[in-house]
Structure formats: structure tokens, C-alpha cells
Ligand SMILES: Cc1cc2nc3c(=O)[nH]c(=O)nc-3n(C[C@H](O)[C@H](O)[C@H](O)COP(=O)(O)O)c2cc1C
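Residue numbers (the working numbering): 982 to 1412.
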């Protein structure tokens, strides 16, 4: 009987992406694999997430990207073990010099290596790097060791490299990689056809569990004027707050997005209120609460703690020096909590705390501020905080031990946070 299905139809293929300039080509690989009928799960090292956004890979693969070997699935199974057990093939493309070394030595501290170690599936490796890196005896040695494990190596091609040189090191053409994966699974049965044995796919029909809700979100950084040209600002991009607003909209909520400076597109479907300074943000937040119809206030904005006591009406001329006298800004969250407490049906109050270093202070901060939930993150950690697509946060629920969440895309953090907001609201209603 002739086989009418393509070799990848119904197969579960893992695509491991590491931190090479060629990582952008991984988006094309997902498209080729899915067009060939494969069910694709993307695994990315934290460095890869600097080169291509997990959101892009998530959207193309229709699966949450796995970024961390510590990550658990929503049902608490260990993510990389489930993926490893169900995989029909693993394609690592592009594979960095660092990853080849880690894999050759079995160092399981990134999601791609940990998954390969845990899987009996065939592995196809496509190195991509600068020509000298590729020629180095260490790299050659690591590649030979991977061949020794039975891994198929798809050699890179000759061409212009990111370093400006021309040489061997360009990621092999995606069509060659697809052919290598097809060859790796040829003649083998599908290992885990039951979708329940695989990590869950994203349900396209997002549950409308926030329909009828009004959620007020703050995002971005405030800018406190020194003069008409200069200001005291911060490095917030607004990504986290915008991710919360988008997730709430997707789940059916009406969203008011009060924003300072942002460097990401804002969702048109939200009511947008621009508030450049902390004082303007305070006014907008208190006004939004005054209608007493908000179900949740999620304060993800990075609000300045201090502002210049006086802002010069005209641009200050260059001088030998300048001493600014600063005064504290209002504590918007504390004021909002005080207003909410006077309401018959107070909104769920959520604060964010950006720290650098230890998060020891945040539990005390959550209790002091009187919030229902506090999301704390160490913005000095790689893959966390300002300007990144990912975040690693600790959720503080006053009276309970802190919950350290694994590194996730900001969209995943947003959805998980909204699940908790919903739970607080449901809890309050049942009391
Ligand atoms: C712009 C840029 C491009 C890079 N491209 C490559 C590459 O193609 N191959 C490689 O092995 N390393 C490359 N690197 C270095 C890796 O990103 C670095 O070794 C990193 O630690 C790899 O992390 P990962 O293997 O955990 O993803 C690049 C670095 C930069 C800044």
C-alpha cells in the first residue's frame, strides 16, 4: 500500500532554538514543519529569546513556548519530560557553539539540552555560527561527540556571516532541515498519537471568562519634567502592562489602559488614557475607580518615586552643574487601595514591584500596601523585567508563602495572573 500522508503528518516535533543570529529563521522552520503536518513544540534558550520573540513562535506553533527546564505544565506535569517522552523527532536549529558544548557534555541546564537528554527520539542538529567558531577544535570535537550519540548533523553552508566575514557557518537551508527531520522519522510509528500525552496546545477559542468585567490596567513609565525638554524617567517598555491588557481583552473584558511612556504598540480595543507624569496617572487611576464599576485594578506601570520639586518653564541652559531638588510622588497604589476599600464591591487590587536583587522586601510591601496580589520581579535578572519578552516573577498573596513562577513569555504571565485575579473575585463573591 502506498503511504498517502506526508512523513510528518501527525508527528510531534520539538524545535530547539538557541541564541544565534539565525534564530529568526526558526519562524520559517515552524511554518515548514506545520505545513508538512507536524505538531510543533518550540523550546528556546533564554538567549534565543533575545533574537526572536517567544510570542512569534507561540503564535506560529499554537503552543506555549518552553523556556525553562523548571517549568511545569498547567496540570503540574514536568514540561520537558512530557515533551521528551512524546517527541517523534527533535530538531535543534540553529545550534550555537555553546549549545553543542553543553549537549556534548550532557549539561542539562537549558531546556533544549535537558529535553534531548530525556528523550529517546532522533535528534537533528543544525549548527550556525561564525566561521572561526565552527572551525575551532572544540566545536569540531563537540560535533563529533554528538555524531557519536547518533545525532544527525546538518552541516552549515558557506555564505556571508553576521560577523561580516564570509565562510562556513550559515544555518543550512530550512528545506534541507525539513528533509533531515523527515528522514529521521521515516518508517517509525508515531510515538504518542494521543494529544493528552503531549504538552497542551493553545486553545484557539480563548475562554470568555472575563466577559462583563471592567479591568483597569496601568502600563509604561512616567516621565517627570525637569524642563520642557528633559525629564526623569525609567526603562519600562510597557510590555508587561500591555500584555495584561491584551490578555484581558482576549478573554472578553472591557479594558481601560492608563499608560505612561511605552515602546510597544497599544491595543486599540482598550480605552487608552495617556498620562505622561505620575500626577496625571494618579488622577486617571482615581477617576477610573470613582465609577465604582471596576472589577480589577492592575498597576503594572513603573511610576517615578521622585520628581523635580520645580520644573523649569524654559529649557535650562548648559551650566557648570545642576542640582535638582526632588520630592516624592504620591503613592498611587496606596491611594487607590484606600478608595477601593470604601466601595461596596471593591476591585481586585494588583500591584507590581520591580526590585534589583533580593525579593525579601516584597512580602512586607504587599501587606503594607493592602493589595490582593503583588507581582514581584528582579529586573536585573536576564530574561526578566524591562524591555524583554519574557518575565520570571514571584507572586505574593498576603498571608501565603511566595510563589516563584518559572520564566515565561509576558503573555503567559498575564494570563496566569488573570486566572488568579478571577479566583480572588470568585472567592470574595462566595464569602
Ligand atoms: C549578534 C550576535 C549573534 C550571535 N550569533 C551566534 C551564532 O550564530 N552562533 C553562535 O554559536 N553564537 C552566536 N552568538 C553568541 C551566543 O549568543 C552566545 O554564545 C550565547 O551564550 C549562546 O547561548 P545559548 O546557546 O544558550 O542560546 C551571537 C551573539 C551575538 C551578540
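Glycine included, each C-beta is placed from N, C-alpha and C at the ideal position.
Treat the numbers as computed from the prediction; the structure is a model and nothing was measured.
Going by CA-CA distance only, name the one from 1405, 1406 and 987 that's closest to residue 1169. The residue with the shortest Cα to Cα distance from residue 1169 is 987.
For the candidate residues 1209, 1264, 1351 and 1057, whose alpha-carbon lies nearest to that of residue 1292? Comparing Cα positions, the closest option is 1209.
Leaving out five residues before and five after residue 1329 in sequence, what residues of the same chain have Cβ atoms less than 6 Å from its Cβ? Closer than 6 Å at the Cβ level, and outside the excluded window around residue 1329, lie 1277, 1353, 1402, 1405 and 1406.
Residue 1093 by DSSP, collapsed to three states: which one? Note: residue 1093 maps to helix in three-state DSSP.
Report yes or no: do the segment 1171 to 1178 and the segment 1209 to 1225 share at least 3 C-beta pairs separated by less than 8 Å? Counting Cβ pairs under 8 Å, fewer than three are found: no touch.
Taking Cβ to Cβ, would you say residue 1332 is nearer than 8 Å to residue 1314? Between residue 1332 and residue 1314, the C-beta spacing is below 8 Å.
Neighbourhood of residue 1165 by C-beta, 7 Å cutoff - its chain only, sequence neighbours within 5 removed: Cβ neighbours of residue 1165 beyond the five flanking positions: 1070, 1103, 1105 and 1133.
Using 8 Å for Cβ pairs, my map puts residue 1321 next to residue 1270. What's the rounded Cβ distance? In this structure residue 1321 is in contact with residue 1270, their Cβ atoms being roughly 6 Å apart against a cut-off of 8 Å.
Taking DSSP as the reference, what is the three-state secondary structure of residue 1017? Looking at residue 1017 - three-state DSSP - the assignment turns out to be coil, as it is neither helix nor strand.
Leaving out five residues before and five after residue 1257 in sequence, what residues of the same chain have Cβ atoms less than 8 Å from its Cβ? Within the same chain, residue 1257 has close Cβ partners 1203, 1204, 1241 and 1242.
With hydrogens ignored, establish whether the beta-carbon of residue 970 is closer than 7 Å to any heavy atom of ligand 1. Since the first and last residues shown for the chain are 982 and 1412, residue 970 lies out of range.
Within this structure, are the beta carbons of residue 1109 and residue 1150 separated by less than 8 Å? The answer is yes: Cβ separation under 8 Å.
Output needed for residue 1068: all residues of its chain with C-beta closer than 6 Å, excluding positions within five of it in sequence on either side, in chain order. Taking C-beta separations shorter than 6 Å and ignoring five residues to either side along the sequence, the partners of residue 1068 in its chain run 993, 995, 1100 and 1102, following chain order.
Count the other C-beta atoms from every protein chain shown that fall within 10 angstroms of the C-beta of residue 1388, then say buried if there are 16 or more, exposed otherwise. That one is buried.
Short of 7 Å in beta carbon distance, which residues of its chain neighbour residue 1163, apart from the five on each side in sequence? Order them along the chain. These residues qualify, in order along the chain: 988 and 989.
Based on the DSSP output, what are the partners of residue 1402 in its beta bridges? Partner(s): none; residue 1402 has no beta bridge.
In whole angstroms, what is the alpha-carbon distance linking residue 1310 and residue 1064? Cα to Cα, the separation comes out at about 48 Å.
Which residue comes first and which comes last in the beta strand (DSSP E) that contains residue 1356? Looking at the DSSP string, the run of the beta strand (DSSP E) that includes residue 1356 is 1354 to 1359.
Could you pull out every unbroken beta strand (DSSP E) segment of at least 3 residues lying fully inside the segment 1206 to 1294, listed in chain order? 1235 to 1240, 1252 to 1255, 1277 to 1280 and 1287 to 1289, all fully within the segment 1206 to 1294.
Should residue 1034 be listed as close to ligand 1, given that the test is whether its C-beta is under 7 Å from any heavy atom? Judged by the Cβ position, residue 1034 fails to qualify as a neighbour of ligand 1 at the 7 Å threshold, every heavy atom of the ligand being at least this far.
Output yes if chain C places a C-beta closer than 8 Å to the C-beta of residue 1002; else output no. Included in the structure is just one protein chain, with no chain C present.
Entirely enclosed alpha helix (DSSP H) segments - the segment 1132 to 1176, minimum 4 residues: Look at the segment 1132 to 1176 and you find these whole runs of alpha helix (DSSP H), each 4 residues long or longer: 1155 to 1166.
Measuring only the C-alpha atoms, how far is residue 1304 from residue 1122? Residue 1122 has its alpha-carbon roughly 59 Å from the corresponding atom of residue 1304.
Measuring only the C-alpha atoms, how far is residue 1380 from residue 1408? Their Cα atoms are separated by approximately 15 Å.
Out of 1159, 1098, 1326 and 1112, point me to the one whose CA is closest to residue 1139's CA. Minimum Cα distance to residue 1139 is reached at 1112.
Helix, strand or coil, according to DSSP, for residue 1332 in the structure here? In this structure, residue 1332 counts as strand in the three-state DSSP scheme.
Tell me the DSSP bridge mates of residue 1196? Looking at the DSSP assignment, residue 1196 forms a beta bridge with 1236 and 1277.
Beta strand (DSSP E) containing residue 1317: first to last residue? That residue, residue 1317, is in no beta strand (DSSP E); its alpha helix (DSSP H) goes 1313 to 1322.
To the nearest angstrom, how far is the alpha carbon of residue 1279 from that of residue 1238? Computed Cα separation, rounded: 10 Å.
If residue 1220 sits next to residue 1391, beta carbons under 8 Å apart, how far is it from one beta carbon to the other, in whole angstroms? About 5 Å separates the two Cβ atoms, so the contact holds.
Cβ shell of residue 1043 (< 6 Å), same chain only, five flanking positions each side left out: Taking C-beta separations shorter than 6 Å and ignoring five residues to either side along the sequence, the partners of residue 1043 in its chain run 1182 and 1183, following chain order.
Cβ neighbour criterion (16 or more within 10 Å) applied to residue 1034: Buried, because 16 or more other Cβ atoms sit within 10 Å of the Cβ of residue 1034.
Can you round the beta-carbon distance between residue 1115 and residue 1137 to whole angstroms, since I take them to be within the 8 Å contact cut? Indeed they touch by this definition, with Cβ atoms about 7 Å apart.
May I have the straight-line CA-CA distance separating residue 1082 from residue 1261, to the nearest angstrom? Between residue 1082 and residue 1261, the C-alpha separation is close to 52 Å.
Using a Cβ-based criterion (distance less than 7 Å to any ligand heavy atom), does residue 1075 qualify as near ligand 1? The answer is yes for residue 1075.
What residues in its chain sit with their C-beta under 6 Å from that of residue 1252, if we drop five residues either side in the sequence? Contacts found: 1237.
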